[in-house]
Each structure stands twice: as structure tokens, then as C-alpha cells.
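Going line by line, the protein sequences match chains A and B. Counting in the working numbering, the first sequence runs from 11 upward without gaps. Counting in the working numbering, the second sequence runs from 7 upward without gaps.
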Amino acid sequence: MSQKPDEHLINKVIKGENNAYAVLVDRYKHMVYTLALKIVKNREDAEEVAQDTFVKAYSALNEFKGESKFSTWLYKIAYYRSLDYLKKNKRRVETTTIDISEEYNIASMDDALDGMEIKERAEIIKHAIQELPADDAVLITLYYFETLSMNEISKVMGIPANTIKVRLFRGRKRLAKILENNLEQEIIHSYGRE
Amino acid sequence: MEENKEKQLDDFVKKIVKSAGLETPSVGFTQNIMSKIVAQEAKSAVTVYQPLISKKSWLILATITLLLFAYVIFGKLDLTISWLPNINSEVLNKIGFMDALSQINLPNTAVYSLFGIILFFYVQIIFLKIHLESRFTLN
């Protein structure tokens, strides 16, 4: 996804071509929805927040100055909308409080995952990310999937880049531990089935 | 050794996050947004802000006021009102309201603290404004 077509589409939308916005929505809906889901942890709510994000972005499109990428700007709106949603509904999201530990075996996890079917593997990984605290899950998704730089993530989440580095460091350890726990359970489960 | 382990974990997380992919919203997602936008635009066209007093009437009002003032100041207008008794200016001086105010003595500390509180109140307004405005903009 190069930068230029985005700008082209944005200009079209500002000129009044609504259909151009649908292309932008299609381009970013997966990422925006995923980010919302990482924070509100519920599919229906995430759908609502994601739609809200795009509607809000549409009416604020004139304020988008093109100093940063459109995607970064959009993710920032999504991030804050999700947090606002939680605040408004006074919901506290339950997350596992897993201590950061060094006791995990990457090689064995890798083997276990390789032995699974693609769909099952994706489910297990998604589930593990979902169990992370919201900020960690957002960070990991933005950094590893969307490959945003620390500076861009810092703009999206409003935290200094140094803090992001430290959080990322802890977050991936947490993720590894959650994944290992889940995989162990999965393996015990599948033995039981046989 | 430790660095190596970090690198290994970094690569591993990158690999699994990429392979998990993104979540997919419902099928009608884009359609829903577009209809919401259309609805929103229709609504905002109805509720377009119109000032109660238009610019034109403000202009007329301003001209009338200015003309009146000009007449009072430059015109040879007799402003004495015959039925109003003359107010003796000495009576006003006797009330001494302003003199009473100057009698109030506050300790210095109280003055400083009042001044400080007022100052911080205004500083707070500026910070709150910046904070609220920066929520949806990128620097």
C-alpha cells in the first residue's frame, strides 16, 4: 500500500466524491477493526467502534493535513475511540495478569504450531494476543503486523517512543508465556480426544 | 546469549503475528459506514447553523447606534432633563464608597495566594484547551 493512492482518494473525497471513501474504508477496515477488537475485546462492540472511527474520520478529513500517513492518523482515531467506548460503558476488560517470565521454549512452541493446521494455528495465536492487556495487544499488532516504526506508534498511542520499546519488550514475553500455556492446554485437550 | 534470546523471540513473535493475520469485520461493514455518512450529511444540511441576527441587520443596528452617538456628541443637543431634580455632586462625595474600599487591609500572604490561585486557574484553562484539542490531531 503506497502512500500516493491514499492522498489521491482523500482529495477526491474532499471534493465530494463519496465513493472514493468506500475504497479507503475497504483498505483499512481490517486493521481498524482488529485494533478496536484488541481493546474492547468483543466483536459487536468492536464493529460499532470501527464504524464510528470511519464516520468520525470522514467528518474530520478536512483536518487531516498529510503530515503523517493517513493510516497512522486513522489508527489514532480508532485507538482513542475504543478507549472512549470503554470509558463510556464503564467496562473493565478482564485480562490475564501473567507475570513476565523467561521460562518459555520458543523452539517447542514453534514445532507445536507448525504441526497444526493453518486455521487452527491462526485461531490459537489470535486468542493469545487477545488475552494480552489492551495496550500490549495494540502495540504488538501495530509493530509486528503493520510494521509501524516506534515513532509512528508513539503518535498513535500518545506514549513516548522509549516507553514503547520497553512495553514491547515486556509484551512479547507475556505473549510467549500466554501462548505456551494455551498450547499446553491444547495439547492435553487433543490427547484426551484421541 | 541474552541478546540472542531476545532476537529469537522477536523473530518468533513477528512470524506468529504475521501468520495469524487480521480480524475481518462483518460483510456489510463498508456499506453501513457509507449509509451512515449519507445520513449524517443529510442531517447536517438540515441543521446548518444560521445566526439569529444576520450580518446585514447587525450592520444596520451598528449604523443607527453610531449615528445616535454622533448626534449626541457633535450635535447641539440639550441634555438637561427638566423634570429631573439636580443632583448635588457633594452628596455623592459624602458616600465615600471608594474610600471604604481602601480601608480593607489584606495580609501580604493572602494577597500572594489569591494572586497565585487566579494565575493557576488561567494556566489550567490553557492546558486543558491544548489537551482536548490534541486528542484527534497528529503533530
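The beta-carbon is built from N, C-alpha and C at its ideal position, and this holds for glycine as well. Quantities reported herein were computed from a predicted structural model and do not represent experimental measurements.
In the assembly as shown, B/L120 is an exposed residue. Its beta-carbon has fewer than 16 other beta-carbons within 10 Å. Straight through space, the alpha carbons of B/K24 and A/K165 are spaced by roughly 23 Å. Taking C-alpha positions only, A/A147 is separated from A/R177 by approximately 10 Å. A straight line joining the alpha-carbon of A/A138 with that of A/V59 spans about 22 Å. Burial is judged here by how many other beta carbons sit within 10 angstroms of a residue's own beta carbon; B/D105 has fewer than 16 and is exposed. With a beta-carbon spacing of about 17 Å, A/Y85 and A/Y31 fall beyond the 8 Å limit used to define contacts. Boundaries of the alpha helix (DSSP H) harbouring A/W83: 80-98, taken from the DSSP string. Residue state for B/S32 is assigned as coil, using DSSP reduced to three classes. One finds I39 in chain B with Cβ atoms closer than 7 Å to the Cβ of A/F64, taken in chain order. For A/K129, the enclosing alpha helix (DSSP H) stretches over residues 128-141. A residue is called buried when at least 16 other Cβ atoms come within 10 angstroms of its Cβ; A/R180 does not meet this threshold and is exposed.
Contact annotation: A/Y43 and B/P57 have beta-carbon atoms that are not nearer than 7 Å. A/N28 reaches chain B at M40, I43, V44, counting residues in chain order whose Cβ is nearer than 8 Å. By a beta-carbon distance limit of 8 Å, A/V65 contacts B/Q46. Their separation comes to about 7 Å.
Taking the Cα of A/N115 as reference, the smallest distance to any Cα among A/L45, A/E194, A/L71 is reached at A/E194. With fewer than 16 other CB atoms across the displayed protein chains lying within 10 angstroms of its CB, B/W89 is exposed.
Restricted to the segment 137-182 of chain A, the alpha helix (DSSP H) segments that are unbroken, complete and at least 4 residues in length are 144-150, 160-167, listed in chain order.
In this structure, the alpha-carbon of A/N172 lies about 18 Å from that of A/T151.
Closer than 9 Å at the C-beta level to chain B, one finds these residues of the segment 112-128 of chain A: E112, Y114, I116, A117, M119, D120, L123, I128. A Cβ-Cβ separation of about 10 Å leaves B/A26 out of contact with A/I128 under the 8 Å criterion. In the three-state DSSP reduction, A/I188 falls in the helix class (H, G or I). The straight-line gap separating the alpha-carbon atoms of A/E54 and A/D120 is approximately 32 Å. Here B/S140 is exposed, its C-beta having fewer than 16 other C-beta atoms within 10 Å.
Considering only beta carbons, the part of the segment 35-67 of chain A lying closer than 7 Å to chain B consists of V35, D36, K39, H40, M41, Y43, T44, L47, E57, A60, Q61, F64, V65, in chain order.
A distance below 8 Å between beta-carbons, with the five flanking residues on each side excluded, links A/W83 to the following residues of its chain, in chain order: A67, F74. For A/K136, at least one C-beta of chain B is nearer than 7 Å to its own C-beta.
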